[in-house]
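Quick look at the structure:
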């Protein structure tokens, strides 16, 4: 039992004042009216879908009044990052969407900036990696693929819709390294985009496709592929029959987070407003509709927690890139 605390009139007034001030700060912390979403890639990609889905949920739920979008492709995302930094004084209402490639491309010097040159606001969603085979493949489980890989690493060709050293490649290297292989022996075949990588799989040029789980599920629903395994720490509700690498005995987990960054130099108060409105979004039906439609997992990591997560991923990805020979 807790003892009751008696308040004198001055103490009571102080308590009431503190309550009012706290309430006022909470209201202020969510006082975002407009957001301009800066998207470092073209229409239809993962960044574009994340920004537009988030904007849809925020406006339809009434949390903010108006959103706008700007697609700025170029430099592997570097053009948009440079623009946000160079025009920071005019970007107080801008959030740039990004994901794991900001870490990978910074490490590999595709662009000179890193997440440290921006203001990390929050990671909001995650999409796990997955490996798929064409529907008539001889492989019925990832363990069968691993068995053939262990017998002859060069016999397994793995497609990805991006360059060597990119996320598709790193996820494949991580998985086969966890299975006891040499990451450098992974035979990764780079295609210019997911569509061409899928064509390579269906034609038999490669045996396996490394891609995101949400994309893999879309392909599986079309009846063209089977999903063998995914990289989450537990099974995903949207793919309850797809095992994880961990449950198959391979100690590897990977999530491609997506989240938002503000311009460098914004005030802590403004950053707090963005964090608060994104957090409130999770409790809305409008967000649940968007999330379920896209098969996204929620991994809300705000502010300092996001920064710590980015530092950890930078270390893990950097070590794997060194294993592969992409970093010294």
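In the working numbering, the protein residues as written are 28 to 355. Note that the Cβ used here is the ideal one computed from N, Cα and C, for glycine as well. Everything numeric in this text was worked out from a predicted model, so none of it was measured.
DSSP places residue 321 within a helical segment (H, G or I) once states are collapsed to three. Residue 166 is not a Cβ neighbour of residue 203, given a cutoff of 9 Å. Inclusion of residue 277 and residue 178 in the CB contact set at 9 Å is not warranted, their separation being larger than that value. Secondary structure at residue 311: coil, using DSSP grouped into helix, strand and coil. For residue 346, the secondary structure class from DSSP, reduced to helix, strand or coil, is helix. Taking C-alpha positions only, residue 318 is separated from residue 301 by approximately 19 Å. Leaving aside the five residues that flank residue 251 on each side, the residues in its chain whose CB is nearer than 8 Å to its CB run, in chain order, 161, 162, 225 and 229. Taking 9 Å as the cut-off, the Cβ atoms of residue 256 and residue 184 do not count as close. Judged by their CB atoms, residue 351 and residue 196 are nearer to each other than the 9 Å cut-off. Under the three-pair Cβ rule at 8 Å, the stretch 98 to 115 counts as touching the stretch 62 to 76. From the listed residues 221, 124 and 304, the smallest Cα separation to residue 237 is found for 221.
Boundaries of the alpha helix (DSSP H) around residue 198: 194 to 205. Just measuring C-alpha positions, the residue of 235, 188 and 208 sitting nearest residue 218 is 188.
Apart from the 5 residues on each side of it in sequence, residue 153 sits with its Cβ closer than 6 Å to the Cβ of 282, 284, 324 and 326 in its chain, given in chain order. Between residue 291 and residue 123, the alpha-carbon positions lie close to 11 Å from each other.
Linking residue 299 to residue 328 through their CA atoms gives a straight-line distance of about 13 Å. The stretch 136 to 149 makes no contact with the stretch 266 to 276: fewer than 3 CB pairs, one atom from each, lie closer than 8 Å.
For the pair residue 131 and residue 76, the CB atoms are not nearer than the 9 Å cut-off.
In the three-state reduction of the DSSP assignment, residue 239 falls in the strand class.
In this structure, the straight-line span from the alpha carbon of residue 147 to that of residue 164 is close to 43 Å.
Exclusion of the five residues before and after residue 190 leaves 217 as the residues of its chain whose Cβ lies within less than 7 Å of its Cβ.
By the beta-carbon neighbour count (other beta carbons within 10 angstroms, threshold 16), residue 312 is exposed. Taking 9 Å as the cut-off, the Cβ atoms of residue 289 and residue 227 do not count as close.
Residue 309 and residue 73 have their C-alpha atoms spaced approximately 19 Å apart.
Minimum Cα-Cα distance from residue 240 among the listed residues 155, 134, 280 and 274 corresponds to 155.
Distance from residue 81 to residue 151 at the Cβ level is roughly 7 Å; contact confirmed, criterion being Cβ atoms closer than 8 Å.
Apart from sequence neighbours up to five positions away, the residues of its chain that approach residue 314 with a beta-carbon distance below 6 Å are 84 and 308, ordered along the chain.
In the three-state DSSP reduction, residue 93 falls in the strand class (E or B).
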